[in-house]
Amino acid sequence: MFKRLTEQILLNLGEMEDEFRLFHLRDDAVIIIVAASCALFANLAMLRVDFILFRDSPDLFFFMILARCFYTAIAGVFLFVVYRTKQAARFDVFVFAWLLFTAVYFSLLNFTRPTNYLTTTFDLLFIFGMYLLSPLPLKHTVALGISFSIGSTIVAYIYKPDVSAFVLGSAASAHVFIQMIGLASAMQVQSLRRRVFQAYARERNAHELTQDLLRVDALTRSLSRGYFFELAQREFERAKRLDLSMCVLVIDLDHFKKINDIHGHHAGDNVLGRFARFVMEHKRSQDIFGRLGGEEFGMILPGVGIKDALTVTKRIQTAWAKKAVRVDSKTIVSTMSVGVAEISDRDRRFDELLNRADSLMYKAKRRGRNRVAHK
Numbered sequence: 012m013f014k015r016l017t018e019q020i021l022l023n024l025g026e027m028e029d030e031f032r033l034f035h036l037r038d039d040a041v042i043i044i045v046a047a048s049c050a051l052f053a054n055l056a057m058l059r060v061d062f063i064l065f066r067d068s069p070d071l072f073f074f075m076i077l078a079r080c081f082y083t084a085i086a087g088v089f090l091f092v093v094y095r096t097k098q099a100a101r102f103d104v105f106v107f108a109w110l111l112f113t114a115v116y117f118s119l120l121n122f123t124r125p126t127n128y129l130t131t132t133f134d135l136l137f138i139f140g141m142y143l144l145s146p147l148p149l150k151h152t153v154a155l156g157i158s159f160s161i162g163s164t165i166v167a168y169i170y171k172p173d174v175s176a177f178v179l180g181s182a183a184s185a186h187v188f189i190q191m192i193g194l195a196s197a198m199q200v201q202s203l204r205r206r207v208f209q210a211y212a213r214e215r216n217a218h219e220l221t222q223d224l225l226r227v228d229a230l231t232r233s234l235s236r237g238y239f240f241e242l243a244q245r246e247f248e249r250a251k252r253l254d255l256s257m258c259v260l261v262i263d264l265d266h267f268k269k270i271n272d273i274h275g276h277h278a279g280d281n282v283l284g285r286f287a288r289f290v291m292e293h294k295r296s297q298d299i300f301g302r303l304g305g306e307e308f309g310m311i312l313p314g315v316g317i318k319d320a321l322t323v324t325k326r327i328q329t330a331w332a333k334k335a336v337r338v339d340s341k342t343i344v345s346t347m348s349v350g351v352a353e354i355s356d357r358d359r360r361f362d363e364l365l366n367r368a369d370s371l372m373y374k375a376k377r378r379g380r381n382r383v384a385h386k
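Take the sequence shown: its letters are residues 12 to 386, numbered as in this note's numbering.
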C-alpha cells in the first residue's frame with residue numbers, strides 16, 4: 012500500500028526535469044519575490060514589537076534597528092539578483108542561500124527576546140510557507156525546515172527557562188506536526204506541478220507531431236501539398252516585394268502508371284520515395300520541394316534565374332535517368348519530365364507561375380519525355 016502511495020508522487024521528471032524547471036523559472040521567481048517581500052516587510056514591522064520590548068534599553072533597540080536594516084539590505088540584493096536570474100541552477104543556489112540566511116537570522120533573533128517569550132507561531136508560519144512555496148528540490152527544503160525546527164527548539168529549551176515545560180513540549184510537538192503537514196503539502200504541490208507539466212508536454216508533442224504529419228508527405232517525406240503551397244506563396248510574395256529572381260519546377264515521373272502495372276504499387280511507392288530522397292539530397296537547403304499529388308512534384312528555387320535553374324534541373328534529370336532503383340530483386344529505371352518557369356512582372360499570384368510551369372511540363376512530355384521545357 013505504501014509503495015502504491017509513493018508511486019503516485021512525482022518529484023522528478025528525469026530528462027524533462029531541467030525543461031520543467033526552466034519552464035517555471037519566471038513563475039517561481041515571482042512567487043519567491045513576493046514571499047521575500049512579505050518577509051522583508053514583516054521584518055520591518057517587527058520594529059514596533061522591538062520598541063515595546065526594548066524601549067527601556069536604547070542600545071539594544073538601536074542594535075535591533077541595525078539588524079533589521081541589515082536583513083532588509085540583504086533581502087533587497089536577493090530580490091534584484093533573483094529577478095535577473097535566467098538559469099534554474101543559479102536560481103536554486105540563490106533561493107537556498109536566502110532561505111538559509113533567513114532561517115539563521117530569525118533563529119538568532121530569539122536570543123534577543125525575553126526568557127518567557129516564544130516565537131513558535133512565527134516559526135511555524137515560516138516553516139509551512141517554506142514547504143509550500145519553495146521551488147527547490149524537496150530534499151533541500153526538508154533539510155532547511157528540519158534544521159530551523161531543531162534550532163528553534165534548542166533555543167527554546169536552553170535559553171527560555173521562564174517558559175513552562177508543558178508549553179515547551181507543546182511547541183516541540185507543534186514543530187513535529189508542521190514538519191509532517193508541510194512535507195505532505197510540498198510533495199502534493201510539487202507532484203501536481205510536474206504532472207501538469209507532463210500533460211502539457213505530451214499535448215505539445217502531440218500537436219507538433221500532428222503539424223509534422225500535415226507538413227510532410229507520409230510516403231516520400233517531402234513537403235505535403237498544403238505546406239508546399241504555404242511556403243511557396245511566402246517566397247513568391249517576398250520575391251515580388253524585393254524584386255528577386257525565382258523559378259518554379261514542376262516535375263513528373265515518366266510512365267509511372269506502367270511501373271505500377273508491371274511491378275506493382277509497392278514498387279511504385281518505392282520509386283516515389285527514392286526519387287524524393289534523391290532530389291532532396293541534390294537540392295540546396297533553401298530550395299522548397301514537395302509532392303503535388305501522385306507522381307508529380309514541385310520545387311521552388313529562390314533567388315535563381317532561368318539560366319541557373321535550367322542548369323540545376325538538367326543536372327538532376329540526367330543523374331536520375333542513370334539511377335537504378337532495386338525493388339524485390341528487380342531493377343527499375345525511371346526518367347522525369349520538367350517544366351521550368353521564372354517569375355515575371357505579369358504574375359500576380361503564385362498559382363499563375365505554377366500553372367505556367369505545369370503547362371511546360373506537359374509540353375516536355377509531348378516532346379518525348381525525359382526532357383526539360385522552359386519559356
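Think of the CB as a built atom: it goes at the ideal place given N, C-alpha and C, for glycine as much as any other residue.
Item	Value
Smallest Cα separation from Leu22: which of Leu119, Leu203 and Glu306?	Leu203
Leaving out five residues before and five after Pro146 in sequence, what residues of the same chain have Cβ atoms less than 6 Å from its Cβ?	Asp39
Determine the extent of the beta strand (DSSP E) in which Phe300 is found, giving its start and end residues.	Ile299 to Gly304
So if DSSP puts Ala352 in a beta bridge, which residue, or which two residues, is it bridged to?	Val259
Under three-state DSSP, which class holds Arg337?	strand
Out of Ala100, Arg66 and Ala352, point me to the one whose CA is closest to Met257's CA.	Ala352
Determine the DSSP secondary structure at Gly309, reduced to helix, strand or coil.	strand
Specify whether the region 335-355 and the region 364-374 touch according to this definition: at least 3 beta carbon pairs, one from each stretch, less than 8 Å apart.	yes
Taking the CB atoms as reference points, tell me whether Leu253 and Ile299 lie closer together than 8 Å.	no
Near Phe13, what residues of its chain come up, given a Cβ to Cβ distance below 6 Å and the 5 sequence neighbours on each side ignored?	The predicted model places Phe13 with a pLDDT of 43, which falls under 50 and marks its position as unreliable, so this point remains unresolved.
Shortest alpha-carbon distance to Leu119 belongs to which of Phe102, Leu143, Ile161 and Gly87?	Ile161
Does DSSP put His385 in a helix, in a strand, or in coil?	strand
Between Leu55 and Asp61, what straight-line distance do the alpha-carbon atoms span, to the nearest angstrom?	10 Å
Keeping to the same chain, check which residues put their C-beta closer than 7 Å to that of Ala375; ignore five residues upstream and five downstream.	Ser348, Val349, Gly350, Arg382, Val383 and Ala384
Touching or not, the region 137-154 and the region 192-209, by the rule of three or more beta carbon pairs under 8 Å?	yes
Pull up the DSSP beta-bridge partners for Thr130, would you.	None; Thr130 has no bridge partner.
Within the continuous alpha helix (DSSP H) that includes Gln328, where are the two ends?	Ile317 to Ala332
Near Val261, which residues of its chain fall below 6 Å by C-beta distance, leaving aside the five closest residues on each side in sequence?	Gly309, Gly350, Ala368, Asp369 and Met372
Could you please give the first and the last residue of the uninterrupted alpha helix (DSSP H) stretch that includes Pro172?	Pro172 -> no alpha helix (DSSP H), and no H or E assigned at all.
What is the rounded straight-line gap between the Cα of Gly180 and the Cα of Ile169?	13 Å
On the criterion of 16 or more Cβ atoms from any shown chain inside 10 Å, does Tyr2 qualify as buried, or is it exposed?	No statement about residue 2 is possible, as the shown extent of the chain runs from 12 to 386 and does not include it.
Is Ile192 helix, strand or coil when you go by DSSP?	helix
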